[in-house]
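When you line the sequence shown up against my numbering, it's residues 49 to 455, in that order. We put the CB at the ideal spot given by N, CA and C, even for glycine. These numbers were taken from a predicted model, which means no experiment stands behind them. One structure below.
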Amino acid sequence: MYVNFLSSMNEARIEITIPHLFRCPISLDLLEDPVTLCTGQTYDRSSIEKWLSAGNLTCTVTMQKLHDPSIVPNHTLRHLIDQWLQLGYQFHPGNSATIDYLTSLKHALESRDSSLDHKLQALHKIQVLSDEYCSFKRTCFNQLSYLTLLLQLVFETRSMEFTELALSCIVKLLPLVNLDPLNMIKDESKLSTFVSLLEKGTTKTKTSLCHLIDSTATSTQTQELCHVLGNSRKVIEEIVRLAREIQEEESSKAGIKAMSALCSLQSNRESLVRGGAIDGVIAYMLESDKLQKNLAPMAMGIIEKLVVLESGKVGVVNHPSGIQTVVKMVFRVCNNQEYCCSEVAVGVLLVICRDYGVAREEAIGAGILTQLLFLLQSQCGNKTKTKARMLLKLLRSKWNQESNNKL
49 MYVNFLSSMN EARIEITIPH LFRCPISLDL LEDPVTLCTG QTYDRSSIEK
99 WLSAGNLTCT VTMQKLHDPS IVPNHTLRHL IDQWLQLGYQ FHPGNSATID
149 YLTSLKHALE SRDSSLDHKL QALHKIQVLS DEYCSFKRTC FNQLSYLTLL
199 LQLVFETRSM EFTELALSCI VKLLPLVNLD PLNMIKDESK LSTFVSLLEK
249 GTTKTKTSLC HLIDSTATST QTQELCHVLG NSRKVIEEIV RLAREIQEEE
299 SSKAGIKAMS ALCSLQSNRE SLVRGGAIDG VIAYMLESDK LQKNLAPMAM
349 GIIEKLVVLE SGKVGVVNHP SGIQTVVKMV FRVCNNQEYC CSEVAVGVLL
399 VICRDYGVAR EEAIGAGILT QLLFLLQSQC GNKTKTKARM LLKLLRSKWN
449 QESNNKL
């Protein structure tokens, strides 16, 4: 089937033009047995095996050194080629056009002869295409290794305008593609560039980088990268700073999402506390009422994960507005969702008030007893009410115990 890549109209000697995506980069013939290298590039098995057996340890397309010489069958691409061969001239012409168009845009970005303006135009077109989701385009973006290319260009290009637009394209592609290429950020020089862009980039660039950090927690492929970023003091300090800048609503929310993603790994939490995450999240919650749609529930979720640590509890207790802010979340409506923070806020206070007398005093002074009574009379869930009763009981017993000690 693969050897004969003419259509059913072969008798009329009409040859189908092979889409670039279906050609082996070495032989330039139709891929008969497509296999993929660790660089994300796909070759015909026989061609790449000859290349490797000759002692070559590089990818012929990217010229990257192969840290892993193993080859993996590309079943998705093989299925696409099968479909193309079976349908022949009935294969949707738009699909062939999409393949060729995306290939030409990739070539424009890769070529050293392309001007900056030409590359910027290509990025704008990719941005539009990534908005128009379809499964075929998703496959094309994956097979053409767009995420790998765009990341490499971000780390190699010095134009801030290009970097900002390329990162914007990357953010749009993240839900569509395999996330493994993100692991290149673990490289020391690339991580240094990443941090530099977080420190000195435009607000849009910083926002995109936060979305990228957020995506690392969504896949097991990028868990190690999530750990690396979560243990970088500079990365944490920058996303905390971004979260605090509430006047820049989108970037502030992106900072909160990035912190929440890093919090998903237990190994990151101590670093987050040391990097000022408690202060940043509390600052965000204090001002979040000003935002039409805020992430107060997610912010409370970060606090919940961090107070498992002793340093996290101390961070909340020592913050001038820490306990007061959490108390305010006990009976609060966020984004038209009643009691969205209640259960988490009550749980956080249970953890802290159990160990810290000063926290109990501050909570009572901030009106926690009234808040809990209102909560118990509300339509909130049973789990929330159970925690509210536990907190009331704790406060009452500790209060009685401390009063008796004074006598």
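Can you check which of these residues, E410, K305, Y149, C311, is closest to L290 by C-alpha distance? When C-alpha distances from L290 are compared across E410, K305, Y149, C311, the shortest belongs to K305.
Which first and last residues belong to the beta strand (DSSP E) in which L345 is found? Per the sequence shown, the amino acid found at residue 345 is Pro instead of Leu. The continuous stretches of beta strand (DSSP E) do not include P345, which lies in the alpha helix (DSSP H) extending over residues 344-354.
Distance check for H259 and D329, CA to CA, integer angstroms please. The sequence given here has Val at residue 329, not Asp. Answer to the nearest angstrom: the Cα atoms are 17 Å apart.
Excluding the 5 residues preceding and the 5 following L157 in the sequence, name in chain order all residues of the same chain whose CB lies nearer than 7 Å to its CB. Taking C-beta separations shorter than 7 Å and ignoring five residues to either side along the sequence, the partners of L157 in its chain run K167, A170, L197, L201, following chain order.
When you compare only the Cα positions, how much space is there between D403 and I351? 16 Å
Per DSSP, which residues does L78 bridge with? Please list them. R71
Span separating the alpha-carbon of S359 from that of T87: 41 Å
Considering only residues of the same chain and omitting the five flanking positions on each side of C72, which have a CB-CB separation below 6 Å? L79, Y91, D92, S95
Taking V288 and G324 to be in contact with their CB atoms under 8 Å, please state how far apart those CB atoms are, rounded to whole angstroms. 5 Å
CB of F379 within 8 Å of CB of L417, strictly: Not in contact: F379 and L417 (Cβ atoms no closer than 8 Å).
Between the CA atoms of Q89 and L195 - distance to the nearest angstrom: 12 Å
Are the segment 279-286 and the segment 223-243 touching, with three or more C-beta to C-beta distances below 8 Å? yes
L199 and P229 closer than 8 Å at C-beta: If you check the CB distance, L199 and P229 come in under 8 Å.
Look at L227 and F189 and say whether their C-beta atoms are less than 8 Å apart. In this structure, the beta-carbon distance from L227 to F189 does not fall below 8 Å.
When G363, Y149, A344 are compared against E391, the one with the closest alpha-carbon: A344
Determine the extent of the alpha helix (DSSP H) in which T211 is found, giving its start and end residues. 208-221
When we look at the beta-carbon of Q295 and count the other beta-carbons within 10 Å, is it buried (16 or more) or exposed? exposed
Three-way DSSP call (helix, strand, coil) for V375 in this model: helix
Measure the alpha-carbon distance for A393 versus V374 and round it to whole angstroms. 6 Å
Chain-order list of residues whose beta-carbon lies under 6 Å from that of E335 (same chain, five-residue window excluded): I294
So, with DSSP's three-state summary, where would you put K341? coil
I'd like to confirm the pairing. Which residues does DSSP put opposite Y91 in its beta bridges? V83
What number of angstroms, rounded off, separates the C-alpha of E204 from the C-alpha of K361? 42 Å
Is P368 helix, strand or coil when you go by DSSP? Correct three-state label for P368: coil.
With burial defined as no fewer than 16 other Cβ atoms inside 10 Å of the residue's Cβ, what is the status of L257: buried or exposed? Burial check for L257: the Cβ neighbour count within 10 Å reaches 16 or more, so the residue is buried.
According to the Cβ coordinates, are C311 and L354 closer than 8 Å? Yes.
Alpha carbon to alpha carbon, what distance is there between D327 and A414? Straight-line Cα distance between these residues: approximately 19 Å.
Do you know offhand how far T187's Cα is from I174's? 14 Å
Measuring alpha carbon to alpha carbon, tell me which residue in L224, T432, L164, K441 is nearest R408. K441
Span of the alpha helix (DSSP H) around E298: 297-311
From L239 to L128, what distance separates their C-alpha atoms? 36 Å
T253 classed as buried or exposed, judged by whether at least 16 other C-beta atoms fall within 10 angstroms: buried
Helix, strand or coil: which one does DSSP assign to V120? strand
Would you mind working out which of H275, K338, R292, V364 sits nearest R317, comparing C-alpha positions? H275
Can you give the beta carbon distance from F299 to T251, rounded, assuming they're within the 8 Å contact cut? Here residue 299 turns out to be Ser, not Phe, going by the sequence shown. Sure, about 5 Å apart at Cβ, within 8 Å.
Quick check on the DSSP output: the alpha helix (DSSP H) that includes A407 runs from which residue to which? 405-413
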